Amino acid sequence: MEEKITFEDFGIEFDNSDFEGVSKDTLEECIAMIDETIDKMEEGEA
Amino acid sequence: MNEKDIKLKEKVLELTTKLCDEKTIDPKKRAYYVFKLTMLRTEMKKRARLIEIKEELDKSTELIDNELKEFKASQTINKSKIALNMEKLEEELGKKLEKELGENSFKILDEKIDEKLSELNEHKKFDYLSDEFIFGYELEEAGGDVDKLIDNMRSQAKKSKDKSTRDMYTQIADRINKAYTTREKYEEYQEYKKQKEQYELQYKKELEEIEQNVQNEENIAKNKKENENIKSKALITTEHIGKGNIFVRFFKALKEGFKEFSRTRKDQKEAIENEPKIKEESEQYIKLQEKIKNEKMRAYDNAYKTVTDSLDNKPEEFSKIREIKERYKEEINRLEDQIKELQKNEKDEIKRKIEAIKDGLDEEYEYQKKEAENRYIEEKQKVEDETDAKLRKNEFKSRLKARNENVENEIKAELEALERRKQIQVSRYNNDDELYK
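Protein sequence lines, in the order shown, are assigned to chains A and B. Take the first sequence: its position 28, counting from 1, is numbered 28 in my numbering, and each next residue is one higher. Take any residue in the second sequence, note its place counting from 1, add 1000, and you have its number in my numbering.
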């Protein structure tokens, strides 16, 4: 990951250090949470 | 689960919670955050896939390592088998050669070579002995006992299995014996010679004594004549003077002395008469001794010459031994070359097989690696495509929405324009109607 992924309004950002040494299971759990959020946001948009 | 896992989960949970709770979020911002979330999701997917690929690679590496271990173990077994096979091969080869060579098998050849070498050493010893044959150190080794030396040679002859060696020892023993007999005779001659010299010396001495005695006798005879003259004169005087005791005793003694002298003289005379005979016998004896000496010397020379000639002829024997030795060496070299060639071929074959297996494994490893990389690239592409599709979907949605809005606005504007035109027409119609009325 070359650049940070920032969520300015919430003061949250992600960089390489957040992912280093993290297990595959954790990442999959996080992906599931993100998918759910995206769906919700898209539903809200619709 | 470690600290990092917990931290990331908490962070994501916080973000998603905030995003879900934010009801009044601007649609543009929402699309932006969806995009950002998608990016985050893509990164996470990429990381997860990387971990997966790494795990696969680790598994493949472990698998390959295990296979390599197995391969190495099998190679060790193969090497042992090959070593065993080589031993068997050598053994079979040895047996085959022994069978083919028959009497000239290695063992027999070795024995022959040892035998010939020992013979060679014996020959060398006798080469040395040829200079001082019966006076040589071999005799000294036998404690100066020639009989012992000859016995040694004969026992060597009995021990020898090879006929030529046996004959050689026997011949040497015979020649030593002959030479020694000659030497004994020569020594006897020397003894005779010495005795003869002593005899001659004694003879000479005796002769001188005899001559001296003869001389003395002559002197005595001469004195006797004078004494007789004196005696006759004395008798005349005695007869004339009478019987005188002193003179009687004197003449008696003189008479006895004369008798004794006569006996000695007789022996001496006989000795003188026999002198030529003694001389003749002596000469004959000398001649005989000379003859014996010459005979003995000739016999000795012949024996010596025979031994020397015999030793001179030995190089033929040596050349035979050398020839056998050379043949043996050539045979050994040829066999060694064959063994080397066989070993080299076997080794080359194994090397080729190992190389082929190694190449196969390398190719397999490369193929697996390539496959894994391709899968990773495909997956990555897929994820990226998915992301792109999502983005495109959102963009399309935005564009559709915008277009809908535009269409809506346009329709609205058109309806408004129509409404306005309608109103105008209605008023225009009312005005016309009123005008008509």
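Even glycine gets a Cβ: it sits at the ideal position worked out from N, Cα and C. This one's a predicted model, so the numbers in the text were calculated from it and none came from an experiment.
For residue i, which of helix, strand or coil comes out of DSSP?
i	result
A:Glu13	strand
B:Ile1025	coil
Using the rule of at least 16 other Cβ atoms within 10 Å of the residue's Cβ for burial, across every protein chain shown, is residue i buried or exposed?
i	result
B:Glu1043	buried
B:Met1472	Any property of residue 1472 of chain B remains undetermined from this structure, which presents chain B solely from 1001 to 1437.
B:Val1407	exposed
B:Leu1084	exposed
B:Lys1148	exposed
B:Ser1080	exposed
B:Ala1048	buried
A:Thr26	buried
B:Thr1076	exposed
B:Arg1334	exposed
B:Ser1160	buried
B:Thr1017	exposed
B:Ile1377	exposed
B:Leu1435	exposed
A:Ile31	buried
B:Ile1006	exposed
On the premise that residue j lies in contact with residue i, defined as a C-beta separation below 8 Å, what is that separation, rounded to the nearest angstrom?
i	j	result
B:Leu1415	A:Phe14	Not quite, the Cβ-Cβ distance comes to about 49 Å (not below 8 Å), so this is no contact.
A:Phe7	B:Lys1036	6 Å
B:Gln1368	B:Ser1060	5 Å
A:Lys24	B:Ile1051	4 Å
B:Leu1361	B:Glu1056	B:Leu1361 to B:Glu1056, Cβ: 18 Å. No contact.
B:Ala1031	B:Asn1394	6 Å
B:Ile1176	B:Ile1210	49 Å between Cβ atoms; not a contact.
B:Leu1015	A:Ile12	5 Å
A:Gly21	B:Lys1351	In fact, because the Cβ distance is near 46 Å, the residues do not count as touching under 8 Å.
With distance defined between alpha-carbon atoms, name the residue in the options nearest to residue i.
i	options	result
B:Lys1009	A:Ser17, A:Met33, A:Thr37	A:Met33
B:Ile1172	B:Asn1152, B:Asp1162, B:Lys1159, B:Lys1161	B:Asn1152
A:Asn16	A:Ile38, A:Glu29, A:Ile5, A:Phe10	A:Ile5
B:Thr1387	B:Lys1054, B:Ser1080, B:Lys1046	B:Lys1046
A:Glu29	B:Gln1284, B:Leu1013, B:Cys1020	B:Leu1013
B:Lys1028	B:Glu1373, B:Arg1399, B:Leu1435	B:Arg1399
B:Leu1063	B:Glu1349, B:Asp1433, B:Leu1418, B:Tyr1365	B:Tyr1365
B:Glu1197	B:Glu1283, B:Ser1164, B:Glu1070, B:Gln1381	B:Glu1283
B:Lys1353	B:Glu1410, B:Lys1072, B:Tyr1169, B:Ala1417	B:Lys1072
A:Phe10	B:Asp1433, B:Lys1422, B:Cys1020	B:Cys1020
Please report the distance separating the alpha-carbon of residue i from that of residue j.
i	j	result
B:Gln1215	B:Leu1201	21 Å
B:Arg1166	B:Glu1290	39 Å
B:Asp1464	B:Glu1217	Beyond the ends of chain B as shown, which are 1001 and 1437, falls residue 1464 of chain B; an answer cannot be given.
B:Val1383	B:Ile1053	15 Å
B:Leu1034	B:Glu1363	Going by the sequence as given, residue 1034 of chain B is Val instead of Leu. Going from the Cα of B:Val1034 to the Cα of B:Glu1363 covers about 45 Å.
B:Thr1038	A:Asp35	8 Å
B:Glu1371	B:Glu1379	12 Å
B:Asp1337	B:Asp1359	32 Å
B:Lys1340	B:Glu1373	48 Å
B:Lys1225	B:Gln1212	20 Å
B:Ile1411	B:Ile1025	29 Å
B:Gln1423	B:Asp1385	54 Å
B:Thr1346	B:Asp1058	First, the residue type needs correcting, since residue 1346 of chain B is Glu and not Thr in the sequence shown. Their backbone Cα atoms lie some 37 Å apart in a straight line.
B:Ile1403	B:Phe1396	For the record, residue 1403 of chain B in the displayed sequence is Arg; it is not Ile. Distance between the alpha carbons of B:Arg1403 and B:Phe1396 is about 10 Å.
B:Gln1156	B:Gly1143	18 Å
B:Glu1419	B:Lys1401	26 Å
B:Asp1433	B:Arg1421	18 Å
B:Gln1381	B:Glu1355	38 Å
B:Glu1349	B:Glu1070	20 Å
B:Thr1170	B:Gln1195	37 Å
B:Lys1163	B:Asn1078	52 Å
B:Glu1091	B:Asp1174	47 Å
B:Asn1219	B:Asn1294	48 Å
B:Met1168	B:Glu1330	28 Å
A:Thr37	B:Lys1011	14 Å
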